[in-house]
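>
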Amino acid sequence: MRFALVNHERADPQPQLHGECPHCGEEVISKCGRVKVWHWAHKSREVCDPWWENETEWHRAWKDKFPKEWQEIAAVDSKTGETHIADVKTSHGLVVEFQHSPMPLEEMTARERFYGNMIWIVDGKRGELDSSYFLLGLDRTPIQTNPLAFAFSWHGKSRIMHNWSDAKAHVFIDFGNSMTKGPPVVWRLVDFDVKQKRGVVGPYPKHLLIEAISRGKEIGVPYLPTPEGSETS
Ligand SMILES: [Zn+2]
C-alpha cells in the first residue's frame, strides 16, 4: 500500500516509520528498500485485502495521474460489509484498477461484480515481447474510423489477450509510450476470439483517458487526434 495513517493523517512511507492500515486498523511498517517501490506492509500478515497486488513503479505512475484523495479508497458493500481497496476511485464513483499480473477468472468476475462501475488498465509490458507481438499483428488499416478500431492477430506466447477477453468491464492495455507516433495511447480490447486469436482494439490517447476518468465523462473508444489536432469525441 502507498498510504497508511500516521498521527491520523494519510502518509507516504518513509524509512523507520510505523503507521496504521486505514482499512483494517492493524499496525503497518514502512518498507523502504532499493528494489521494490516504497510501501507499507502489515506487520502480522499479508495484506488485509486478498485482491491486493504488490505494487510496481507502473502502478504508482498511473495512480499519480489522479489526486491522492482518490487513491487506495476503501469500497464497502453496504449489504455484506465486505471491503476492498480500490486503486483509484474517482469522486464520480468510477473505480480504476491497475493490474500488472494475471488473475483467476473467478477473481476478475468477483472484482467486477463488487466494484460495478469500473475499468481495468492492464500492464502490457509484463511479458517482455508482448508489445512487439502486438505491433506485429496489428492491421495497418482501421476496420472503422468512428470510433477508430483496428483488427489484430495475436502471435504472442502469453495469454494476455485471452485472459482479458473474459472481462466484462472495459479493458485498456498499456504497452508503453513508444508504440505509436503521436500522443501515447492505451489500447481498449474491444473483442478477442480465443480460437482464431483475432481481435479488435481501439487506441485511446492516455491523456484523454485520464481526462475522461477525472471529469467523469463516458469512456468509449475515441478518434485518435490527428497531428493537425482535429476533434476527438
Ligand atoms: Zn489492513
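So the mapping is simple: our numbering equals the position in the sequence shown, first residue as 1, plus 48. Backbone N, C-alpha and C define an ideal beta-carbon position, used for all residues, glycine too.
So, using beta-carbon positions, are A217 and I167 closer together than 8 Å?
By one-based count along the sequence shown, residue 217 stands at place 169. By one-based count along the sequence shown, residue 167 stands at place 119. In this structure, I167 lies closer than 8 Å to A217 by Cβ.
> Does the separation of the CB atoms of G204 and L237 fall below 8 Å?
Position 156 of the sequence shown, counted from the first residue, corresponds to residue 204. Position 189 of the sequence shown, counted from the first residue, corresponds to residue 237. The answer is no: Cβ separation not under 8 Å.
> Mind checking H71: buried by the 16 CB within 10 Å criterion, or exposed?
Within the sequence shown, residue 71 is the residue found at index 23, counting from 1. So H71 ends up on the buried side.
> Which one of E160, H148 and P152 has the shortest CA to CA distance from L142?
Along the sequence shown, one-based indexing puts residue 142 at 94. Comparing Cα-Cα distances from L142 to each of E160, H148 and P152, the minimum goes to E160.
> Provide the residue span of the alpha helix (DSSP H) that contains R82, from first to last.
The sequence position of residue 82 within the sequence shown is 34, counting from 1. Neither: R82 is in no alpha helix (DSSP H) and is coded neither H nor E.
> Pick out every residue whose C-beta is nearer than 6 Å to a heavy atom of ligand 1: which are they, in chain order?
C69, H71, C72, E74, H90 and C96
> CA-CA distance, E155 and I208?
One-based indexing of the sequence shown puts residue 155 at position 107. One-based indexing of the sequence shown puts residue 208 at position 160. Spanning the two alpha carbons is a distance of roughly 16 Å.
> Have a look at the DSSP bridge pairing and note the partners of P251.
Along the sequence shown, one-based indexing puts residue 251 at 203. By DSSP's assignment, P251 forms a beta bridge with W235.
> Please state whether the Cβ-Cβ distance between D13 and F200 is less than 8 Å.
The question about residue 13 has no answer, for the chain in this structure spans 49 to 281.
> Nearest-angstrom Cα distance between L183 and V76?
Working through the sequence shown from its first residue, we reach residue 183 at position 135. Working through the sequence shown from its first residue, we reach residue 76 at position 28. Approximately 43 Å between the Cα atoms of the pair.
> Could you have a look at K91 and say whether DSSP puts it in helix, strand or coil?
On the sequence shown, residue 91 is found 43 positions in, with the first residue counted as 1. Three-state DSSP puts K91 in coil, outside helix and strand.
> Out of V249, T189, N225 and V234, which has the shortest C-alpha to C-alpha gap to W202?
Your numbering for residue 202 matches position 154 in the sequence shown. Comparing Cα-Cα distances from W202 to each of V249, T189, N225 and V234, the minimum goes to V249.
> Is F51 helix, strand or coil by DSSP?
Counting from one through the sequence shown, the residue named residue 51 turns up at place 3. The answer is coil: DSSP assigns F51 none of H, G, I, E or B.
> Bridge partners for G67 per DSSP, in chain order?
The sequence position of residue 67 within the sequence shown is 19, counting from 1. In DSSP, G67 forms a bridge with V76.
> So, with DSSP's three-state summary, where would you put L256?
Translated into the one-based positions of the sequence shown, residue 256 becomes position 208. Three-state DSSP puts L256 in a helix.
> Using 8 Å as the threshold, is the stretch 77-92 in touch with the stretch 124-141, meaning 3 or more CB pairs across them?
Fewer than three beta-carbon pairs drawn from the stretch 77-92 and the stretch 124-141 are found closer than 8 Å, and the two stretches are therefore not classed as touching.
> When we look at the beta-carbon of G282 and count the other beta-carbons within 10 Å, is it buried (16 or more) or exposed?
This structure gives no information on residue 282, because the portion of the chain shown stretches from 49 to 281.
> Pop quiz: G67 and A52 are said to be a contact at Cβ under 8 Å. What is the actual Cβ separation, rounded to whole angstroms?
Working through the sequence shown from its first residue, we reach residue 67 at position 19. Working through the sequence shown from its first residue, we reach residue 52 at position 4. Confirmed, Cβ separation roughly 3 Å.
> Name the one or two DSSP bridge partners that M166 has.
Position 118 of the sequence shown, counted from the first residue, corresponds to residue 166. M166 pairs with V143.
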